[in-house]
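A.B. asks: Under my numbering, the first residue of the sequence shown carries the number 1, and numbering increases by one thereafter. The beta-carbon is built from N, C-alpha and C at its ideal position, and this holds for glycine as well. Computed from a predicted model, the values in this text were never measured in an experiment.
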Amino acid sequence: MKHYKQNDLAQMKERERARFVNCLSGFKSANVIGTRDRRQQDNLAIVSSVVHLGSNPPFLGFVMRPQSVTRHTWENIEESGVYTINHVGESFFKQAHQTSARYPREQSEFDACDLTPEFMDGFHAPYVAESSLRIGMQLVEIIPIQHNDTALIVGEVRWVDVQEDAVQSDGYIDIEGLGTMTISGLDGYHSTSRAARLSYAKPDKELRELHINGETKG
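Take a look at the structure:
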């Protein structure tokens, strides 16, 4: 086991440190954020920081990097107040990764990365047709993180579009069955293999494995 101190991290080259630190939180969700500005220009950006913030109301959040450089996604969300979160799947993860390239504002990442924008009636932001789970979001607030000039974008779920047979009777979504991928670090993409679903944990009660539909095994 090699021990790294804070000074060791500080002495790493910038990109080496970025790769190292980005692996520390473990496997992360892989999503692309779809937005559109008032001039009908679409934007698509991959993020690995989407997190669950609450179920009632249904809130999700994700972190955006500093505004000191151009961030079309951030600006579009502030301007329109809506965006989509789209799971990255096995069939298009390379195109999704390519959206991290710095394209000019007038060039849509949908076009540049060979992905298909589609729209829900009455909803301004595009979703990714190739994604098997898409979420329409309404901006709630942007919370500045002053120490590194990032921000937590907090939104409320307005709609969800998902393959019907993936949703189990107890509400669990079989995202593995949908082909949803996960990310390690900045550029590692992984398919998943579920070890088990487990029963609700209670003191002095043995855990039991569950079937995919939530029923107890055995």
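(1) Using only CA atoms, which one of 71, 128, 74 and 102 lies nearest to residue 91?
(2) Using only alpha-carbon positions, find the residue among 215, 156 and 48 that is nearest to residue 26.
(3) Where does residue 99 fall in DSSP's three states?
(4) For my contact list, residue 201 and residue 209 are in at a C-beta cut-off of 8 Å; report their separation, rounded to the angstrom.
(5) How many angstroms separate the CA atom of residue 94 from the CA atom of residue 6?
(6) Can you tell me where the beta strand (DSSP E) holding residue 134 begins and where it ends?
(7) To the nearest angstrom, how far is the alpha carbon of residue 215 from that of residue 126?
(8) Could you tell me how far apart the beta carbons of residue 97 and residue 133 are, in whole angstroms, since I believe they sit closer than 8 Å?
(9) Enumerate in chain order the residues of its own chain whose CB-to-CB distance from residue 9 is below 8 Å, with the five nearest sequence positions on each side excluded.
(10) Identify the residues that DSSP records as bridge partners of residue 76: which are they?
(11) Rounded to whole angstroms, what's the CA-CA distance from residue 55 to residue 111? Just pull it up for me.
(12) Residue 99 and residue 44 look like a contact to me (Cβ under 8 Å); what is the Cβ gap, rounded to whole Å?
(13) Could you tell me which of 192, 175 and 177 sits nearest to residue 183, measuring between CA atoms?
(14) Can we count residue 30 as close to the ligand GTP, meaning its CB is less than 7 Å from some heavy atom?
(15) Nearest to residue 85 by CA position, among 50, 76, 181 and 57, is which residue?
(16) Quick one: residues in its chain with C-beta nearer than 7 Å to the C-beta of residue 160, no 5 flanking neighbours on either side, listed in chain order?
(17) Tell me the DSSP secondary structure of residue 16 in three-state form.
(18) Pull the bridge partners of residue 47 from the DSSP assignment, please.
(19) My output table needs one value for residue 86: the three-state DSSP class, helix, strand or coil.
C.D. replies: The relevant details are as follows:
(1) 128
(2) 48
(3) coil
(4) About 13 Å separates the two Cβ atoms, so there is no contact after all.
(5) Between the C-alpha atoms of residue 94 and residue 6 there is a straight-line separation of about 34 Å.
(6) Here the beta strand (DSSP E) through residue 134 covers 133 to 145.
(7) Their Cα atoms are separated by approximately 37 Å.
(8) Residue 133 and residue 97 do not touch by the CB rule: their CB atoms are close to 18 Å apart, not below 8 Å.
(9) 17, 20 and 21
(10) Answer is none; residue 76 lacks a bridge partner.
(11) 34 Å
(12) 5 Å
(13) 192
(14) This structure simply doesn't include the ligand GTP, nor any ligand for that matter.
(15) 50
(16) 135
(17) Three-state DSSP puts residue 16 in a helix.
(18) In DSSP, residue 47 forms a bridge with 31.
(19) strand
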